[in-house]
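*Asks:* Residue numbering for the sequence shown follows our numbering, beginning at 7 and increasing consecutively. No residue lacks a Cβ here, since even glycine has one placed at the ideal position from N, Cα and C. For clarity, every value in this text was computed on a predicted model and none was experimentally measured.
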Amino acid sequence: MKECDPKKCTAIKLKKLGLLKLVYSIKGLPSQSLVLYPFTDNFLSPADRDIMINHGLSAIDCSWNKILPISDTGRFVMRRLPFLLAANPTNYSKPYKLSTLEALAAALFIVGFYKHALLLLSKVKWGNTFLTLNRELLTKYTSASGPEEIVALDGEYRRLYNL
């Protein structure tokens, strides 16, 4: 949504590398794709893998402090990521403050697309740091039996961090 510094923007970096398609409007997102959206009540879980396979994964690259709510019309499958720590230099170790690259990599990792997640993380200097900070969490989320377990794990880590 053209809100960040282009030199630091991980979405622009991934586009330049040919690893994602950038659209500048919600209308440009693929119908029925899984959209990472932090204001939905529905958490991403390994059960969402088939949605990604069949319809793709979308992320909204913007400042979440400025975005207007997106109404859930059923055109997309909205999911939020569970508790994770950012490794990007701007928000290092802050919960839920992931860059677009981190969010996409985390989503891919959680549903079992490990090689794709690692490919994205390899494109930034701090990619390994993201894995180091979140290894235990990602392992638990990946082995979760479903969204209910993800909700419980998210709540557990929120309490640990007094959020």
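#1: Who pairs with I105 in a beta bridge, going by DSSP?
#2: Kindly indicate which residue of L90, R86, G62 has the alpha-carbon position closest to the one of N48.
#3: Starting from V83 and walking both ways along the beta strand (DSSP E), at which residues does that stretch end?
#4: Check the DSSP bridge columns for S64 and list the partner residues they point to.
#5: Could you give the C-beta distance for Y43 and M84, rounded to a whole number, given that I count them as a contact under 8 Å?
#6: Should N140 be labelled buried (16 or more other beta-carbon atoms within 10 Å of its own) or exposed?
#7: Is the beta carbon of L40 closer than 9 Å to that of I57?
#8: Below 9 Å between beta carbons: does that hold for N94 and V130?
*Replies:* The relevant details are as follows:
#1: According to the sequence provided, residue 105 is Ser. The question's Ile does not apply to it. Paired residues: none, contrary to the question.
#2: By alpha-carbon distance to N48, the top candidate from L90, R86, G62 is R86.
#3: 83-85 is the span of the beta strand (DSSP E), which, as asked, contains V83.
#4: V41.
#5: Y43 to M84, Cβ: 5 Å. Contact.
#6: Counting Cβ neighbours within 10 Å, N140 comes out buried, since at least 16 surround it.
#7: For I57 and L40, yes; Cβs fall inside 9 Å.
#8: Yes, the pair counts as a contact, with Cβ atoms nearer than the cut-off.
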